[in-house]
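See below for the structure under consideration.
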Amino acid sequence: MTTQTQNPNALLPESQRGPAERLLDLVLGGSAHLWHNRPGLDVNGTWYAAAHATPFQREKGRPVKPGLFVPAAVKLYRQLLGIYRLNAELMAHFASYALTQTDWRDLKVATCALMLVQEHAGQPVRDEQGGVAFHDDDWRAIGEAMVLHYERKSTRMLTPKAVLRVAELLEHPEIARLNREAGFGDPASRKAPLGRWKRVASKWLAAREANMPMLQGLVKAGYKETLKKLARKAGYKPRAQGFFEVLGWKQKQSAQGHREVGLNGLTLVKRERFDGLSEAEICEWIDLERLSYKEVVGRLPKDVGLTPAIMAALLPSLSDRDLRLMTPTLEELGLLTDPAIRARWEKAVHTATDQRALNIAKNVRSAVLRRKLEEASDNAARQAVAEATAETDVRVMFLIDKSGSMEGAIERSKEALSRILAGFPMDKLHIAAFDTLGTVLRPKAANRIAVQHMLAGLRASGGTAHASAVYALHRDGVRVPEDAKLVVIVVGDEAGEAGDQFARAFRDLRIPVSAMALLVSVAHARGSTVRTCAAQLRVPFSEVNVDQFEDPYQVPRVLKALMDAPTLPGTAQSGWVERVMRTPLLKVA
Numbered sequence: 001m002t003t004q005t006q007n008p009n010a011l012l013p014e015s016q017r018g019p020a021e022r023l024l025d026l027v028l029g030g031s032a033h034l035w036h037n038r039p040g041l042d043v044n045g046t047w048y049a050a051a052h053a054t055p056f057q058r059e060k061g062r063p064v065k066p067g068l069f070v071p072a073a074v075k076l077y078r079q080l081l082g083i084y085r086l087n088a089e090l091m092a093h094f095a096s097y098a099l100t101q102t103d104w105r106d107l108k109v110a111t112c113a114l115m116l117v118q119e120h121a122g123q124p125v126r127d128e129q130g131g132v133a134f135h136d137d138d139w140r141a142i143g144e145a146m147v148l149h150y151e152r153k154s155t156r157m158l159t160p161k162a163v164l165r166v167a168e169l170l171e172h173p174e175i176a177r178l179n180r181e182a183g184f185g186d187p188a189s190r191k192a193p194l195g196r197w198k199r200v201a202s203k204w205l206a207a208r209e210a211n212m213p214m215l216q217g218l219v220k221a222g223y224k225e226t227l228k229k230l231a232r233k234a235g236y237k238p239r240a241q242g243f244f245e246v247l248g249w250k251q252k253q254s255a256q257g258h259r260e261v262g263l264n265g266l267t268l269v270k271r272e273r274f275d276g277l278s279e280a281e282i283c284e285w286i287d288l289e290r291l292s293y294k295e296v297v298g299r300l301p302k303d304v305g306l307t308p309a310i311m312a313a314l315l316p317s318l319s320d321r322d323l324r325l326m327t328p329t330l331e332e333l334g335l336l337t338d339p340a341i342r343a344r345w346e347k348a349v350h351t352a353t354d355q356r357a358l359n360i361a362k363n364v365r366s367a368v369l370r371r372k373l374e375e376a377s378d379n380a381a382r383q384a385v386a387e388a389t390a391e392t393d394v395r396v397m398f399l400i401d402k403s404g405s406m407e408g409a410i411e412r413s414k415e416a417l418s419r420i421l422a423g424f425p426m427d428k429l430h431i432a433a434f435d436t437l438g439t440v441l442r443p444k445a446a447n448r449i450a451v452q453h454m455l456a457g458l459r460a461s462g463g464t465a466h467a468s469a470v471y472a473l474h475r476d477g478v479r480v481p482e483d484a485k486l487v488v489i490v491v492g493d494e495a496g497e498a499g500d501q502f503a504r505a506f507r508d509l510r511i512p513v514s515a516m517a518l519l520v521s522v523a524h525a526r527g528s529t530v531r532t533c534a535a536q537l538r539v540p541f542s543e544v545n546v547d548q549f550e551d552p553y554q555v556p557r558v559l560k561a562l563m564d565a566p567t568l569p570g571t572a573q574s575g576w577v578e579r580v581m582r583t584p585l586l587k588v589a
């Protein structure tokens with residue numbers, strides 16, 4: 001949350017929070033997982049996996065089926081709608097940013113859905129004489145461009161499943177109600193407002209039908225049934241029978257007799273099982289047809305199963321993300337002892353963009369593999385920091401509260417820090433813990449294990465003086481170059497000395513601050529020291545709860561948002577919001 005209030009001793013009221021503050025809060029405060037592929041529990045609007053639920057969660061939770069988790073969807077869409085109402089242009093840039101600059105799949109779906117139905121659709125605006133004076137902005141074209149955006153081998157475009165989910169989201173009664181209340185559809189209609197979804201989904205399908213290798217590739221990737229659902233929902237009319245043949249989709253004439261193609265002479269492409277084939281024959285078939293893992297795994301005979309040879313034959317079809325996710329399977333089959341496979345797996349670890357590897361590490365037996373997967377977590381944090389700081393020299397100062405008020409919360413702080421500190425270049429990272437005395441901390445190496453070792457001795461006790469950490473770092477020789485930007489991140493409950501005293505430390509030591517952030521780790525009550533300090537220094541202030549770092553996908557997103565210092569000194573606007581507004585608006589090709 002960025003604050004520009006003149007009363008920094010209180011949280012900025014909801015009514016005074018502008019679109020920029022709300023947008024930053026959305027990114028820092030919610031992981032936006034809308035779809036889950038396994039049974040879960042709804043505990044006061046939060047989804048938990050049923051298989052790993054605690055006794056308390058089982059007692060208090062309501063069972064939910066796999067699929068769209070409605071409370072999260074409604075919360076996210078309502079937040080996006082609120083930002084749109086305050087600044088439609090900001091939302092248009094954010095939708096473009098979400099698609100091209102993030103891997104946040106469910107956020108892409110939600111922003112695309114909003115842009116396709118919102119009211120700015122290029123309507124003519126008439127003058128007093130009834131003539132067309134000009135046309136309104138066509139922000140619906142942003143939604144269309146999100147669906148149609150294509151970049152070969154890129155993961156930052158909508159998958160067939162995502163295109164379908166846009167419609168599924170818009171069709172849900174709660175989302176449809178929000179759209180009607182916003183004036184995006186006929187309030188008397190029983191049908192959910194879909195805006196331009198049907199039109200753009202048909203364009204998307206037509207582009208794939210016109211490029212049969214692309215359509216065949218989607219089928220091989222396991223999207224056959226999704227493509228059928230897309231065609232049905234969009235009312236798509238294929239131009240030739242080849243569309244149905246590739247999908248293995250038998251057709252029949254409707255009662256109204258409207259169908260013109262796909263009725264006669266179809267040569268359907270069917271997936272045959274591998275029953276009766278030997279392991280060698282299956283591998284030969286995989287190599288000849290270039291089959292994917294999804295195409296093969298459900299067709300294997302029970303007496304053969306997934307063998308090391310079959311898995312090795314399938315490896316070329318797996319992405320780096322697939323390789324990381326399948327580490328336990330690769331270990332069980334003994335494939336990671338093969339030098340070539342191990343080299344490719346380690347490359348996949350090096351290119352990780354999220355911290356899911358920490359969860360995967362729990363399911364492997366080898367301590368060496370566990371450490372490598374932890375490296376993947378570190379690499380994801382490093383990449384996020386590198387992307388956010390690519391345009392300028394950014395230094396980071398972490399100040400860790402270990403005062404008595406942190407009793408019960410210090411361990412949560414340690415876990416959050418172990419997930420993020422390894423992402424920062426050692427020569428640009430300055431760390432100090434404080435109670436009434438500041439203590440400079442230095443990890444022995446730039447990895448998770450070294451950070452955990454560094455933090456292990458921290459215990460909650462004593463009073464609270466944030467400024468003591470700043471003075472300790474200055475005594476230790478920390479200086480910030482004039483052309484660099486300093487982001488100060490405080491970890492704690494914000495209780496302590498007055499904020500103006502904290503700000504005075506930076507001024508007295510001539511330490512220029514570009515932005516401040518608070519990683520909230522609340523043990524009992526909240527204070528206001530850091531917010532007041534940021535207001536005194538006239539720099540942006542952001543806050544995020546340390547619980548957000550439990551989500552392996554959220555860590556890189558939060559780091560990018562926190563590390564984007566503003567381009568103009570003395571501004572209270574988040575640098576990340578500046579980056580969003582600099583994102584070119586997507587256009588329909």
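Per the UniProt record's numbering, numbering through the sequence shown is continuous, rising by one, with the last residue being 589. Heads up, the beta-carbon is just placed ideally off N, CA and C, and yes, glycines get one too.
- Query: Are the CB atoms of K485 and V394 nearer to each other than 7 Å?
  - Reply: Result yes, Cβ atoms of K485 and V394 sit closer than 7 Å.
- Message: Within a Cβ cutoff of 8 Å, which residues of the same chain sit near I142, ignoring the five residues on either side of it in sequence?
- Response: Within its own chain, the residues whose Cβ lies closer than 8 Å to the Cβ of I142, once the five positions on either side in sequence are excluded, are A92, A95, S96, M115, L585 and L586, listed in chain order.
- Message: Using 8 Å for Cβ pairs, my map puts F434 next to K402. What's the rounded Cβ distance?
- Response: Right, the Cβ-Cβ distance comes to about 7 Å (below 8 Å), so this counts as a contact.
- Query: Contact between the segment 563 to 582 and the segment 433 to 450: three or more CB pairs below 8 Å?
  - Reply: In this structure the segment 563 to 582 does not lie against the segment 433 to 450, because fewer than three pairs of beta carbons, one per stretch, are closer than 8 Å.
- Is the segment 34 to 47 close to the segment 63 to 70, with three or more CB pairs under 8 Å? Touching, per the Cβ criterion.
- residue 591: which of E411, D500, D378 and L68 sits nearest, CA to CA? Limits of the chain in this structure are 1 at one end and 589 at the other, which puts residue 591 out of reach.
- Query: Where does Y293 land, buried or exposed, given buried means 16+ other C-beta within 10 angstroms?
  - Reply: Around the beta-carbon of Y293, 16 or more other beta-carbon atoms lie within 10 Å, marking it buried.
- Message: So, for E497: in the same chain, excluding its five sequence neighbours on each side, which residues have a beta-carbon less than 8 Å away from its beta-carbon?
- Response: So the qualifying residues of the chain are T464, A465, H466, A467 and T529.
- A110 and Y84: beta carbons closer than 7 Å? Against a cut-off of 7 Å, the Cβ pair of Y84 and A110 comes out as no contact.
- Query: Which value, in whole angstroms, describes the spacing of the CA atoms of A380 and A113?
  - Reply: Distance between the alpha carbons of A380 and A113: 29 Å.
- Three-state class that DSSP yields for I431 in the structure shown: In this structure, I431 counts as strand in the three-state DSSP scheme.
- Message: Using C-beta distances below 8 Å, list every residue in its chain close to P13, excluding the 5 sequence neighbours before and after it, in chain order.
- Response: Because the pLDDT of P13 is 47, which lies under 50, any placement of that residue in the model is unreliable, and the number read from its coordinates should be weighed accordingly. Correct list: empty, nothing qualifies.
- Task: Ignore the nearest five residues each way along the sequence and tell me which others in Q573's own chain have a CB closer than 8 Å to its CB.
- Result: If you ignore the 5 residues before and after Q573, its C-beta comes within less than 8 Å of the C-beta of T2, A20, P540 and P566, all in its own chain and listed in chain order.
- What is the rounded straight-line gap between the Cα of M212 and the Cα of L291? About 17 Å.
- Query: In terms of residues, what are the limits of the beta strand (DSSP E) holding S542?
  - Reply: Boundaries of the beta strand (DSSP E) around S542: F541 to N545.
- Message: Tell me the DSSP secondary structure of K587 in three-state form.
- Response: In this structure, K587 counts as coil in the three-state DSSP scheme.
- Curious, which full-length alpha helix (DSSP H) runs of at least 4 residues does the segment 296 to 365 contain? Secondary structure remark: continuous alpha helix (DSSP H) runs of at least 4 residues inside the segment 296 to 365, in chain order: 308 to 314, 320 to 325, 327 to 332, 339 to 350 and 357 to 360.
- Message: Using only CA atoms, which one of P339, A340 and W345 lies nearest to P328?
- Response: For P328, the nearest C-alpha among the options comes from W345.
- Residues bridged to Y293 (per DSSP): The bridge partners DSSP lists for Y293 come to none.
- Give the DSSP-derived three-state secondary structure of V396 in the structure shown. In this structure, V396 counts as strand in the three-state DSSP scheme.
- Enumerated in chain order, which unbroken segments of the alpha helix (DSSP H) with a length of 4 residues or greater are wholly contained in the segment 490 to 563? Scanning the segment 490 to 563 for uninterrupted alpha helix (DSSP H) segments of 4 residues or longer gives 499 to 508, 529 to 537 and 554 to 563, listed from N- to C-terminal end.
- Item | Cβ shell of T389 (< 7 Å), same chain only, five flanking positions each side left out | M563, listed in sequence order.
- Message: So the candidates are T159, A50, V480 and A121; which of them puts its Cα closest to the Cα of F184?
- Response: Here the closest residue by C-alpha is A121.
- Message: Let me confirm a value: T436 is counted as buried when at least 16 other C-beta atoms fall within 10 Å, else exposed. Which label applies?
- Response: The residue is exposed, with fewer than 16 neighbouring Cβ atoms inside 10 Å.
- Pair every Cβ in the segment 124 to 131 with every Cβ in the segment 151 to 165, then say whether three or more of these pairs are closer than 8 Å. Of all C-beta pairs linking the segment 124 to 131 to the segment 151 to 165, fewer than three are shorter than 8 Å, placing the two stretches out of contact.
- Message: Is V451 close to the ligand MN? I mean its beta-carbon at under 6 Å from any heavy atom of the ligand.
- Response: Ligands are entirely absent from the displayed structure, and the ligand MN is therefore not among its contents.
- Message: Give me, in chain order, the residues of the same chain whose beta-carbon lies closer than 7 Å to that of A503; leave out the 5 immediate sequence neighbours on both sides.
- Response: Counting only Cβ-Cβ distances below 7 Å, and skipping sequence neighbours, we find C533, Q536 and L537.
- Query: Can you list, in chain order, the stretches of the beta strand (DSSP E) that have 3 or more residues and sit fully within the segment 57 to 85?
  - Reply: The qualifying runs are 62 to 64.
- Item | Supposed contact pair A517 and E494 - C-beta distance, whole angstroms, cut 8 Å | For a cut-off of 8 Å, the C-beta gap from E494 to A517 is around 11 Å, too long to register as a contact.
- Query: Start and end of the alpha helix (DSSP H) containing T111?
  - Reply: Per DSSP, the continuous alpha helix (DSSP H) segment holding T111 begins and ends at R105 to V117.
- Task: Measure the C-alpha to C-alpha separation of A10 and G462 and round it to an integer number of angstroms.
- Result: Since pLDDT at A10 reaches only 37, below the 50 mark, its modelled position is unreliable, and the value read off the structure follows with that caveat. About 25 Å.
- Query: Where Q501 and N447 are concerned, what is the direct C-alpha to C-alpha distance, given to the nearest angstrom?
  - Reply: Going by the C-alpha atoms only, they are around 34 Å apart.
- Query: Which partner residues of A121 appear in the DSSP bridge assignment?
  - Reply: Bridge partners of A121: D138.
- Under the three-state reduction of DSSP, which class applies to H36: helix, strand or coil? H36: strand per DSSP, three-state reduction.
- Query: Between V546 and the rest of its own chain, which residues show a CB-CB distance below 7 Å, the 5 nearest in sequence each way excluded?
  - Reply: Excluding positions up to five away in sequence, the list reads R412, S413, A416, L519, V520 and S521.
- Just the C-alpha distance for Q6 and R531, rounded to the nearest angstrom, thanks. At Q6, the pLDDT of 33 sits below 50, so the modelled position is not reliable and the matter cannot be decided from this model.
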